[in-house]
Amino acid sequence: MALDGLVLHAIVHELQECVGGRINKIHQPTGSDVVMQIRARGRSLKLLLSANPTYPRMHVTEGQYLNPQEAPMFCMLLRKHCEGGIIDSIEQVGLERIVHFRVRQRDELGDVSTKTIVVEIMGRHSNLILMDPSTGTILDGIHHVTPAISSYRIVMPGSAYAEPPAQDKANPLDTSEAVFRRSMGAGIGEDAAPEKQMLASFSGLSPLAAREIVYRSGTRLGVPYGEDALAPLWQSFRSVTDAVRERRYSPVIVEETKTGKLFFSVMELTQIEGESRLFPTVSECLESYFGDKAERDTVKQRAADLVKLLQNEKAKNIKKMDKLRETKEEAKDADRFRIMGELLTAHLHQIRKGDKEAVVVNYYEEAQPQQSIALDPLLTPSENAQRYFKRYTKSKNSLAYVEEQMSQTEMEIQYLSSLLQQLGSASMRDIAEIRDELAEQGYVRERHTKGKRKKKTDKPSVACFTSSEGVPIYVGKNNTQNDYVTNRLASAGDTWLHTKDIPGSHVVIRSQSFGEATLHEAAQLAAYFSQAKESSSVPVDYTLIRHVHKPSGAKPGFVIYEQQKTLFVTPDDQLIKQMPQTVKA
138 MALDGLVLHA IVHELQECVG GRINKIHQPT GSDVVMQIRA RGRSLKLLLS
188 ANPTYPRMHV TEGQYLNPQE APMFCMLLRK HCEGGIIDSI EQVGLERIVH
238 FRVRQRDELG DVSTKTIVVE IMGRHSNLIL MDPSTGTILD GIHHVTPAIS
288 SYRIVMPGSA YAEPPAQDKA NPLDTSEAVF RRSMGAGIGE DAAPEKQMLA
338 SFSGLSPLAA REIVYRSGTR LGVPYGEDAL APLWQSFRSV TDAVRERRYS
388 PVIVEETKTG KLFFSVMELT QIEGESRLFP TVSECLESYF GDKAERDTVK
438 QRAADLVKLL QNEKAKNIKK MDKLRETKEE AKDADRFRIM GELLTAHLHQ
488 IRKGDKEAVV VNYYEEAQPQ QSIALDPLLT PSENAQRYFK RYTKSKNSLA
538 YVEEQMSQTE MEIQYLSSLL QQLGSASMRD IAEIRDELAE QGYVRERHTK
588 GKRKKKTDKP SVACFTSSEG VPIYVGKNNT QNDYVTNRLA SAGDTWLHTK
638 DIPGSHVVIR SQSFGEATLH EAAQLAAYFS QAKESSSVPV DYTLIRHVHK
688 PSGAKPGFVI YEQQKTLFVT PDDQLIKQMP QTVKA
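So for the sequence shown, my numbering puts the first residue at 138; every next one is plus one.
Here's what the structure looks like:
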């Protein structure tokens, strides 16, 4: 679902409250995103400008972003020219997906200098560009476009700024009925569907918006139309454009019943059957729609090498476990080797050196049958007997070793599974902590960064949810946080929760008095942040912290517990998102 010109028009209108505001801080958390902290009209807000090729967008955000230790060059340039500056204007180019931020700042000499931040939201060609409007020169772009990439426009420091190629489409907000009828009339007799002709004729419309306009008119979607459809199409078109001109927006996300797909718009989506969620602002709508997707995509890229490493290590340990089981089965036959040694010793007088087998009476069995025992012809009868006794001793000793190895390997598989589960729901900060943990455990090399090494914090930041009863519930998102929450933060009388026999987060209710609602919500968190997130009736154990212990020498995040009770919950995504959440250090 693309962010179209209508949605962007609504965002630009919403952001007019930033005009006259001061840009206090600028950060670039990823290679495609810039976050500006703005103080305007007595309140502070964060503005996200994203040129992410998959999820380009622009809106006010409440999200937490992990910034790199060293700011990228584009971020440093923005800070030089825009930090501390005043936003003079925020304007959309027509109804195109291009927005200009004019920022006024005093330079090093104290002279007033104006720069323009150009936000281009165009799918994989999206970009953020810093430009000097007095000369039309590009100072830099978050994504460089060289002559080898495009012959039409270059985005490099020092090159002249050129707008993206014009599409020669009419602006829907300035369109008269005559122009509309002429534009749409051109598609009659051309076997064009009305929504496709509308897209070809007017700027700023996404396929979703065009379909919505056609659907509201009562005209059939996806089939050719006639002259009689122009009047209802115009009425529907005008009602939508009038709402946009008059700033009557209805930010909404609709989940289609049949497919489960999500759609967003600034107008009611009557064409889609499904559950709708209305939002008070366009920014909140976009943050809800894009936030999780964009973060998960970024996290997936950053964690790809760790996931591959852990999957390989887990596969190795599973193979090792299979071999240990085979060895254990063989070791169970240790008594057979002892019996054969004793039978050979009892029949030494019947055996000669050079014999390949000995047929003896097995007096260990009640029927005393004849038994054939393989011999090494190069050994004496006595040496053959001793060979079987040695095999008996070796098998007997290996059984204890194999059982110990199996226990360690099983713990290793559980540990690796828990890390894979944690990476599946990790934030950028969580990934950094998981990488540090793997370095400490010897799975990866420590990364040596330039400059001073960042001191490892003694208290990791952990997610703290507030239950409907106002009780704080702490959730560890990785083993570093799990150890801290369970072994250091929690008190003996607090309640600890974890999914039963399923890799997941440690959850602690930081209170000794709470109701069933808090217990149920904490269980929901334990199930949601576990490998069983997509399952139903997930078993969750809970007990007091005093009954939870970390064995000496155990892997990070591993504990044993007793006197637990179990309840069953089905993770509810909406319930989790509605719970107030903060990050506490």
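All C-beta atoms, glycine included, are put in the ideal place defined by N, C-alpha and C.
Can you have a look at residue i and say buried or exposed, based on whether 16 or more other CB atoms are within 10 angstroms of its CB?
i, result
"residue 356", "buried"
"residue 288", "exposed"
"residue 257", "buried"
"residue 160", "buried"
"residue 184", "buried"
"residue 189", "buried"
"residue 628", "exposed"
"residue 589", "At residue 589, the pLDDT of 46 sits below 50, so the modelled position is not reliable and the matter cannot be decided from this model."
"residue 394", "exposed"
"residue 715", "exposed"
"residue 667", "buried"
"residue 321", "buried"
"residue 708", "buried"
"residue 172", "buried"
"residue 384", "exposed"
"residue 612", "buried"
"residue 694", "buried"
Can you find the residues in the same chain that come closer than 7 Å, C-beta to C-beta, to residue i, ignoring five residues on each side of it along the sequence?
i, result
"residue 499", "480, 505, 506, 508"
"residue 310", "232, 378, 381, 382"
"residue 360", "330"
"residue 208", "165"
"residue 253", "237, 238, 239, 268, 270"
"residue 154", "177, 178"
"residue 249", "241, 243"
"residue 430", "192"
List the DSSP bridge partners of residue i.
i, result
"residue 265", "256"
"residue 686", "697"
"residue 275", "268"
"residue 174", "162, 183"
"residue 411", "393"
"residue 610", "602, 646"
"residue 297", "274"
"residue 718", "602"
Determine the extent of the beta strand (DSSP E) in which residue i is found, giving its start and end residues.
i, result
"residue 243", "235-243"
"residue 161", "159-164"
"residue 723", "The displayed coordinates of the chain run from 138 to 722. Any statement about residue 723 would go beyond what the structure contains."
"residue 596", "Run containing residue 596: none; DSSP gives neither H nor E here."
"residue 617", "No beta strand (DSSP E) holds residue 617; the alpha helix (DSSP H) holding it covers 616-621."
"residue 494", "494-498"
"residue 509", "507-511"
"residue 702", "702-706"
Which residues in the same chain have their Cβ closer than 6 Å to the Cβ of residue i, if we skip the five residues on either side of it in sequence?
i, result
"residue 723", "Past the boundaries of the shown model lies residue 723; the chain is included only from 138 to 722, so the question cannot be answered."
"residue 657", "none"
"residue 719", "601"
"residue 198", "183, 185, 424"
"residue 87", "There is no way to answer for residue 87, as the model of the chain reaches only from 138 to 722."
"residue 618", "597, 599"
"residue 528", "474"
Grab the span of the alpha helix (DSSP H) containing residue i for me, first residue to last.
i, result
"residue 636", "It is not in any alpha helix (DSSP H) - residue 636 instead sits in the beta strand (DSSP E) that spans 632-636."
"residue 395", "Counting along the chain, residue 395 falls outside any alpha helix (DSSP H), and DSSP gives it neither H nor E."
"residue 544", "518-561"
"residue 352", "344-354"
"residue 665", "653-665"
"residue 678", "No alpha helix (DSSP H) contains residue 678, which is instead part of the beta strand (DSSP E) from 675-681."
"residue 339", "Residue 339 -> no alpha helix (DSSP H), and no H or E assigned at all."
"residue 384", "Element bounds for residue 384: n/a, residue is neither H nor E."
"residue 316", "314-322"
Could you give the C-beta distance for residue i and residue j, rounded to a whole number, given that I count them as a contact under 8 Å?
i, j, result
"residue 139", "residue 403", "No, residue 139 and residue 403 are not in contact; Cβ-Cβ is about 13 Å, not under 8 Å."
"residue 343", "residue 304", "Not a contact, Cβ separation roughly 14 Å."
"residue 216", "residue 163", "5 Å"
"residue 532", "residue 467", "7 Å"
"residue 582", "residue 526", "About 48 Å; that fails the 8 Å criterion."
"residue 348", "residue 364", "With 8 Å as the limit, residue 348 and residue 364 do not qualify as a contact, their Cβ atoms being about 21 Å apart."
"residue 726", "residue 151", "Residue 726 lies beyond the residue range present for the chain, which begins at 138 and ends at 722; the question has no answer from this structure."
"residue 622", "residue 635", "About 11 Å separates the two Cβ atoms, so there is no contact after all."
Counting only the same chain and skipping the five closest in sequence on each side, list residues whose C-beta sits under 8 Å from that of residue i.
i, result
"residue 141", "234, 341, 342, 343, 345, 346"
"residue 487", "495, 497"
"residue 712", "658, 661"
"residue 156", "177, 224, 225, 226, 227"
"residue 554", "451, 640, 668"
Taking CB distances under 9 Å as the criterion, tell me whether residue i reaches chain E.
i, result
"residue 350", "No chain E is part of this structure, which consists of one protein chain only."
Any heavy atom of the ligand ATP within a distance shorter than 8 Å of the CB on residue i?
i, result
"residue 243", "For the structure depicted, the ligand ATP is absent and the ligand set is empty, with no information on it obtainable."
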